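In the working numbering, the protein residues as written are 5 to 225.
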């Protein structure tokens, strides 16, 4: 399994590379965003780990460029900042998950395993509700047109469709989508609900998500 790691702090880059290789991953190591894009041009990867603050090209631009090229490889974003705006910017750019520095190696490895497992589990599990289709291959939401979803957005929409006959409460979503992420809270669920509302409008679907922050959510027209 191949991982692209882009981290400009040399000591951290080398340490993470050594850990990942010890775990059996093949690692392509880049020290800035421009080098990361060169790697993306030459090869494909199972997971990309990108620092948000890098010289030449930052992590957000690397993600945007990858998504513009229709590359749907899961992206884990590393950031030294804990502010919500930085997390939102990363997710808006197309990241699937994020870790705030400092983080434990055990948590990093767990996030990687979860991203890879979700990618495999979603294969050939397309779902439909009213005029929308959730396509596992490429993690697309399709109606009048299509848009790519992050892994968390995909999981959330999947749960809403699978439970379309009854409201799904915030605690259920936290336990099923963020089971090993103690920092996730009702605000996290609401943030992703808002993302999905915008993306339903973007694909010109008649489907809407009803519900209030901290409560239960239901798909309807």
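For each residue, glycine too, the CB sits at the ideal point set by N, CA and C.
Quick caveat: nothing in here was measured; it's all calculated off a predicted structure.
Query, Result
"Strand pairing of residue 30, partner residues [DSSP]", "6"
"Within the region 61-100, ranges of the alpha helix (DSSP H) (whole runs, at least 4 residues)", "63-72, 88-97"
"Run of the beta strand (DSSP E) containing residue 58, from where it starts to where it stops", "Counting along the chain, residue 58 falls outside any beta strand (DSSP E), and DSSP gives it neither H nor E."
"Beta-carbon contacts of residue 33 that lie in its chain and below 7 Å, excluding the five residues immediately before and after", "9, 17, 21"
"Reference residue 26, options 80, 131, 40, 5, closest by Cα", "5"
"Selected residue, minimal CA-CA separation from residue 192, among 67, 204, 91, 47", "91"
"Residue 201 in three-state terms, based on DSSP", "helix"
"Reduced DSSP category for residue 52 - H, G, I as helix; E, B as strand; rest coil", "strand"
"Pair within 8 Å by beta-carbon distance, residue 54 and residue 81", "yes"
"Backbone CA spacing between residue 165 and residue 45 [nearest angstrom]", "36 Å"
"C-beta contact flag for residue 208 and residue 147 at 8 Å", "yes"
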